[in-house]
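**Q** Here it is, the structure, as structure tokens.
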Amino acid sequence: MVDISTIPAGLLKAPVDEADFAAALPERYQVLNLTGCSADSIKYMLDRGYAVTAQYQNRHVLIVGYDQYNFWIYSRTAGEASAVASDDATAAFAESGNVFLTYGEV
Numbered sequence: 006m007v008d009i010s011t012i013p014a015g016l017l018k019a020p021v022d023e024a025d026f027a028a029a030l031p032e033r034y035q036v037l038n039l040t041g042c043s044a045d046s047i048k049y050m051l052d053r054g055y056a057v058t059a060q061y062q063n064r065h066v067l068i069v070g071y072d073q074y075n076f077w078i079y080s081r082t083a084g085e086a087s088a089v090a091s092d093d094a095t096a097a098f099a100e101s102g103n104v105f106l107t108y109g110e111v
């Protein structure tokens with residue numbers, strides 16, 4: 006799971022608009038638009054320590070990890086991540102168009 010303290014603060018709002026996402030990043034990072042990729046494809050970025058913003062059930066969420074059974078989605082209100090079954094999350098991501106944004110160091 007991605008260490009929440011390493012995520013740029015502006016991304017905790019889970020912006021899905023690419024311009025808003027880019028504006029939330031410190032200068033040393035760049036936006037990586039993974040829209041159209043599968044839910045399995047975003048696991049690579051999570052493994053590298055980068056959170057992924059996604060559209061999920063008509064809202065924007067910040068994915069901070071996964072395990073064998075779940076994706077872990079950060080809740081700003083709770084200040085922590087909660088598990089969503091992988092099959093359910095994958096279906097919801099697909100229904101929303103597999104819209105994913107993440108970031109990497111320049």
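Here the sequence shown stands for residues 6 to 111, numbered as in my numbering.
Glycine included, every Cβ here is placed at the ideal spot set by N, Cα and C.
None of these values were measured; they are calculated from a predicted model.
Bridge partners for Ser-87 per DSSP, in chain order?
**A** In the sequence shown, the residue the question calls residue 87 occupies position 82. The partner list for Ser-87 (beta bridge, DSSP) reads Ile-78.
**Q** Buried or exposed for Gly-70, going by 16 or more other Cβ atoms inside 10 Å?
**A** As a first step, residue 70 must be located in the sequence shown, where it is residue number 65. Counting Cβ neighbours within 10 Å, Gly-70 comes out buried, since at least 16 surround it.
**Q** I'd like to know whether the C-beta atoms of Lys-108 and Ser-91 end up nearer to each other than 7 angstroms.
**A** Position 103 of the sequence shown, counted from the first residue, corresponds to residue 108. Position 86 of the sequence shown, counted from the first residue, corresponds to residue 91. In the sequence on display, residue 108 carries Tyr and not Lys. The answer is no: Cβ separation not under 7 angstroms.
**Q** Just verifying my parser: in three-state terms, what is the DSSP assignment at Ile-110?
**A** On the sequence shown, residue 110 is found 105 positions in, with the first residue counted as 1. For the sequence presented, residue 110 should be read as Glu rather than Ile. Of the three classes helix, strand and coil, the one that applies to Glu-110 here is strand, per DSSP.
**Q** DSSP on Ala-40, reduced to helix/strand/coil?
**A** To locate residue 40, count along the sequence shown from 1; it is residue 35. For the sequence presented, residue 40 should be read as Thr rather than Ala. Correct three-state label for Thr-40: coil.
**Q** Hey, out of Leu-67, Leu-39, Ile-12 and Ala-14, whose CA is closest to Asn-103's CA?
**A** The count along the sequence shown starts at 1 and reaches residue 103 at position 98. With distances taken between Cα atoms, Asn-103 lies closest to Leu-39.
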